[in-house]
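Written out below as structure tokens is the structure these notes cover.
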């Protein structure tokens, strides 16, 4: 379990450097008292482990900028390594001007996973041709967050939490898409899910090939599910896919583990896929704010 007495910990992402598993995660001080205040006070913490169970907390890895698009808080991201062994951190930034109503994607690089250089940004933001804009809805909301980056067919692909611009209310959740050849220059694409999902939102995507089949995981609250054929839980969900770029069978989505939110998949040292996510509601009925022990996934 990954927890800290001074911080709530929630959304997380992981990399394996060959010796240690590294966890990066959103954190906010418990001194805020109200866990709902954590979103506007989020920074990125860092921990490492040899077994995905026992974690050494390494401190704060990344903070908001002084005056950029990300000067309010840093939200969920991912980390990949390129052919030169440089690490690339893609993250969500929110500003003091717009707070959470506008979300944009930023980029930082590192040689050692400890010291990060923030690059000029944002590198991507919501494109009005396909994706919901701030003033399209009331209250204002422009979701464009949780980047997940992977390589497929000689290109880098990024999938992003967003909404269809012309989708029906409470049914417009989609998977935004961007491509790059070098990880530095990105081109926004039309969404990978173009039809109405009947979900209000789908957050924190990850796509992996498991037992020769492609699987996408994401998370939703119980109130996000607007269809009768899916078990509505506050949970991390999975759905089958025909390739990393779809089609995605969101109509077959089912929860993996109730109240384990923003789950991520990573292989352990035995090559077994494990799911780690944060405990949303603890046994006492209060916000959990810590990462669970790894759950086998197959």
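Numbering (our numbering), first residue to last: 19 to 316.
The C-beta atom is built at its ideal place from N, Cα and C for all residues, glycine as well.
It should be emphasised that the depicted structure is a prediction, and the values quoted were computed from it without experimental measurement.
> Would you say residue 272 reaches chain D, if we count a Cβ-Cβ gap shorter than 8 Å as a contact?
Replying inline: Reference to chain D is not applicable here, since this structure consists of a single protein chain.
> Is it right to say residue 176 is buried, meaning 16 or more other beta carbons lie within 10 angstroms of its own, or is it exposed?
Replying inline: buried
>> Assuming contact is defined by CB atoms lying nearer than 8 Å, are residue 73 and residue 307 in contact in what I supplied?
In response: no
>> I'd like to check one pair, residue 120 with residue 147: are the Cβ atoms closer than 8 Å?
In response: no
> How many angstroms separate the CA atom of residue 235 from the CA atom of residue 260?
Replying inline: 14 Å
> Anyone know if the C-beta pair for residue 292 and residue 278 falls short of 8 Å?
Replying inline: no
> Would you call residue 30 buried or exposed, if buried means 16 or more other Cβ atoms sit within 10 Å of its Cβ?
Replying inline: buried
> How about residue 162 and residue 194: are their beta carbons less than 8 Å apart?
Replying inline: yes
>> So if DSSP puts residue 96 in a beta bridge, which residue, or which two residues, is it bridged to?
In response: 108
> Since residue 306 sits in a beta bridge, which residues does DSSP pair it with?
Replying inline: The partner list for residue 306 (beta bridge, DSSP) is empty, contrary to what the question assumes.
>> Going by beta-carbon coordinates alone, are residue 316 and residue 229 separated by less than 8 Å?
In response: yes
> Does the beta-carbon of residue 224 have 16 or more other beta-carbons within 10 angstroms, so that it is buried, or is it exposed?
Replying inline: buried
>> Between which two residues does the beta strand (DSSP E) holding residue 175 run?
In response: 173-181
> If we count the other Cβ atoms within 10 Å of its Cβ and call it buried at 16 or more, is residue 202 buried or exposed?
Replying inline: exposed
>> Below 8 Å on the Cβ atoms is my contact criterion, and I expect residue 309 with residue 294 to pass it. Report the Cβ-Cβ distance as a whole number of Å.
In response: 6 Å
> How many Å lie between residue 281 and residue 84 at the Cα?
Replying inline: 30 Å
> Is the CB-CB distance between residue 58 and residue 113 below 8 Å?
Replying inline: no
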